[in-house]
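The next block holds one structure in the form of structure tokens; read it before the comments.
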Amino acid sequence: MARNEQETAPTEPLSPVSQLFATPSLYCVIVLTLGLQTRCNPTAIVEGITKTWINLPRFSSKVEMKKNGKAFWIPVSVRVEDHVIVPDLDYSNIENPDQFIEDYTSNLANTPMDISKPLWEFHILNIKTSDAESLCIGKLHHSLGDGMSLMSLLLASSRKLSDPEALPTTAATKQHVDSNRRNWWLVERFWLMIRIIFTTLIAMFKCFLTLCFLRDTKTPLIGKPGDRIRSTKIIHRMISLDDVKLVKNTMNMKVNDVLLGMTQAGLSRYLSKKFDEDMVVEKKISLDKIRLRGTVVVNLRPDTKIEDLANMMAKGSKCRWGNFVGFVMFPLWIRSEDDPLEYIRRAKATMDMKKISMESLFYYGLIKFALIIFGKKIIEPIVKRLFDHTTLTFSNVIGPDEEVSFFGHPMSYVTASATGGPQALIIHFVSYVNKIIINLAVDTTVIPDPHLLCDDLVESLDIIKLAVLEKGVHKMEV
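Quick note, the working numbering runs 201 ahead of the 1-based positions in the sequence shown.
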């Protein structure tokens, strides 16, 4: 039944971070791809979204800019059918479905959103690819929420295949306390406070230098400064979560450490090839002289419960929603290492230092309060400059650890990527059951061969895994 969208009085301003995502120079959307194991029923998707997503205020509101430059959420009446798109395609004439989906998602990323209505849309394509029987592709403006919010939304909209009434579960990190060290807690706390203060001050100093003049080395990965027309390409590749866990357990690290180490190794391989090909440059840059930094996204929520969001959609209860993330500037180890495990060790050592600092909270708080005091026009070029002077963005989101269904459709995989901003490369890792999906969003005017870069990332994990296995064999022989 059709309903006209009727505006009401503004009820809520956009959060400070969402305000930034709504600006032209930092405009950012999230492209979410769900691979399904069966043909998709559009009616079931519309019914499911009507009962869940629309109950979230931001999915039933549009953004309106006021004369003072501030943006507000304006509640409207939503006709879900207008946001769920089933394109009329002749599937029989599509020779390469995987390439077609790649082009389709890339075209979505390059098409501006209509801000006169709620900032989301959902595309249903009943086309069989190498990884799925059909696909749902969502396009959501980043002002709606960050990656953790949207993953929680997806999980709260899903149910276990083994128990259709139960919400999905994700891997939980458990901390173990060593009883022998309890007597030293006061000394450890004091030393920890010193380290936190010291590392945070260093991060603040480096941030100041980056804003002033400290820019990453010009490489084939760094974006070109200034406002220009970008051509975004989105690709993805699957790797085995078991392979990552093998490296993680052998090296006594976190999954995120392994993925960062793999990223460092893959970027080193890619840049090494690029520099070898570029024979016309009079003085080629050696890898060990490259300064390359990534902004690693950090979830600032102390706890994210799927049940809270499910209750919010079903009962209208309250829970923390939106953009509550910070980031750290992560110096990437770009070298031609003889020992591939060195990339993992370096990633862990650097991330361990970042974990004890308040860098992510510092950036979030700085942006939030500066927006309140100085306004968007002052802060927007400062934040843009920070990303302009770094090379890439990296994030890792944990998905369900067992198979789930999305509004009655068993899922094969899930992947997502944020696109926009001045950086030419954005790398996202999303886990689903026993696999991790690498998702790259690249500016093809800077990186014309994203598949080669993705190959180097995958091959780097294979090399690291082989080195771990050889290390394990050597230990057993000894």
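Backbone N, C-alpha and C fix where the C-beta goes; we use that ideal spot for every residue, glycine too.
Values in this document were obtained by computation on a predicted structure and should not be read as measured data.
Within the same chain, and ignoring the five residues on either side of residue 282 in sequence, the residues whose Cβ sits closer than 7 Å to its Cβ are 247. Selection 656, 526, 662, 641 evaluated against residue 307 yields 641 as nearest (Cα-Cα).
Cβ contact annotation for residue 588 (same chain, cutoff 6 Å, sequence separation greater than five): 622, 623, 624, in chain order. With contacts defined by Cβ atoms closer than 8 Å, residue 465 and residue 547 form a contacting pair.
Three or more beta-carbon pairs separated by less than 8 Å are not found between the stretch 357-364 and the stretch 342-349, which leaves the two stretches without contact. Judged by DSSP secondary structure, residue 640 falls within the beta strand (DSSP E) whose first and last residues are 636-644. Listed as beta-bridge partners of residue 616 by DSSP are 234.
Taken through DSSP and simplified to helix, strand or coil, residue 284 comes out as coil. For residue 228, there is no enclosing alpha helix (DSSP H), as DSSP marks it with neither H nor E. If you draw a straight line from the Cα of residue 442 to the Cα of residue 616, it comes to about 14 Å. Here residue 652 carries a helix assignment [DSSP, helix/strand/coil]. At least 8 Å separates the beta-carbon of residue 293 from that of residue 274. In this structure, residue 568 sits away from residue 285, with a CB-CB distance that is not shorter than 8 Å.
A straight line joining the alpha-carbon of residue 433 with that of residue 253 spans about 31 Å.
Looking at the DSSP output, residue 273 bridges to 214, 265. In terms of CA proximity to residue 231, 339 leads the group 491, 328, 339.
A Cβ-Cβ separation of about 18 Å leaves residue 461 out of contact with residue 537 under the 8 Å criterion.
8 Å or more divides the Cβ of residue 236 from the Cβ of residue 632. Shown here for residue 329: same chain residues with a beta carbon closer than 8 Å to its own, the five before and five after excluded, namely 298, 335 in chain order. By the 16-neighbour rule on beta-carbons within 10 angstroms, residue 655 is buried. Taking 8 Å as the upper bound for CB-CB distance, residue 529 and residue 549 are not in contact here, some 14 Å apart. Its chain contains 558, 559, 560, 563 as the residues whose beta carbon lies nearer than 7 Å to that of residue 401, once the 5 sequence neighbours on both sides are disregarded; these appear in chain order. Residue range 526-532 is occupied by the beta strand (DSSP E) that includes residue 530. Residue 598 is bridged by DSSP to 631. Looking from the CA of residue 592, the closest CA among 305, 491, 226, 326 belongs to 491. Contact check for residue 451 and residue 602: beta-carbon distance about 20 Å, past the 8 Å limit, so the pair fails to qualify. Residue 496: member of the beta strand (DSSP E) spanning 494-500, first to last residue. Going by DSSP, residue 579 is part of the alpha helix (DSSP H) stretching over 577-589. DSSP, reduced to helix, strand and coil, places residue 621 within a strand of the structure shown. 251 is the residue among 251, 463, 264 whose C-alpha sits nearest the C-alpha of residue 280.
When C-alpha distances from residue 634 are compared across 661, 647, 599, the shortest belongs to 599. Look at the stretch 545-574 and you find no whole run of alpha helix (DSSP H) that is 4 residues long or longer. From the listed residues 367, 399, 243, the smallest Cα separation to residue 323 is found for 243. Excluding the 5 residues flanking it on each side, residue 418 has same chain C-beta neighbours closer than 6 Å at 491, 492, in chain order.
For residue 439, the enclosing beta strand (DSSP E) starts and ends at 433-441. Annotation for residue 336: the continuous beta strand (DSSP E) segment containing it runs 335-342.
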